[in-house]
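Numbering (the numbering used here), first residue to last: 141 to 274.
Note that CB positions come from ideal geometry on N, CA and C, so glycine has one too.
Working notes, beginning with the structure itself.
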Amino acid sequence: IHPKNKQDVGKRLALWAMHDVYKTLKSNWSPPVYDSHKIDGNKVILTFKNVDGKLTTRNDKPLGEFSICGSDKKWVWAKATITGSNTIEVHADEIAQPLAVRYAWQDNPEAANLTDASGLPTSCFKTDDWAYGK
């Protein structure tokens, strides 16, 4: 693991060890985790599990690092909005019929800011099952 932000990785691994290995942590130690999605017209609705309280951003800025594509598999940056305690709506004006969404899908995604009350950053994810690099 070679992210620039090693502090968050270290915190996440320490909480995991305290919960799963040492059994000393009883609370939710996990950040929000992508669970499922559905396509609704020109939008993709993402649902998350392990949400502590509600989804939020780490820096009070708009959500960053979301990309979306249509059937041509050409990725564009997307607008993402928190629409519920565990849901996010993703869309881009250029994509009329979205097919897939990715979050923080690059090396050191510095604008990735999705979190919850735990303050732990959400890990990168993709809604597609295409081979890496596609």
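Cβ-Cβ distances below 7 Å link residue 205 to 243, 244, 249, 251, 252 in the same chain, with the five nearest sequence neighbours on each side left out; the list follows chain order.
Taking each of 184, 212, 216, 220 in turn and checking the Cα distance to residue 203, the smallest one comes out for 220.
Beta-carbon to beta-carbon, residue 183 and residue 231 are separated by about 4 Å, close enough to satisfy the 8 Å threshold. In chain order, 191, 193, 194, 195 place their CB closer than 8 Å to the CB of residue 225, counting only its own chain and leaving out the 5 sequence neighbours on each side. In the three-state DSSP reduction, residue 257 falls in the coil class, being neither helix nor strand.
With a cut-off of 8 Å on Cβ pairs, the segment 155-162 is not in contact with the segment 209-216, counting fewer than three such pairs. If you draw a straight line from the Cα of residue 176 to the Cα of residue 162, it comes to about 31 Å.
Along the length of the segment 153-204, whole beta strand (DSSP E) runs at least 3 residues long occupy 173-180, 183-189, reported in chain order. The C-beta distance from residue 186 to residue 228 rounds to 5 Å, short enough to fall under 8 Å. Within the same chain, Cβ atoms closer than 7 Å to the Cβ of residue 144 are found at 248, the five residues on either side in sequence being excluded.
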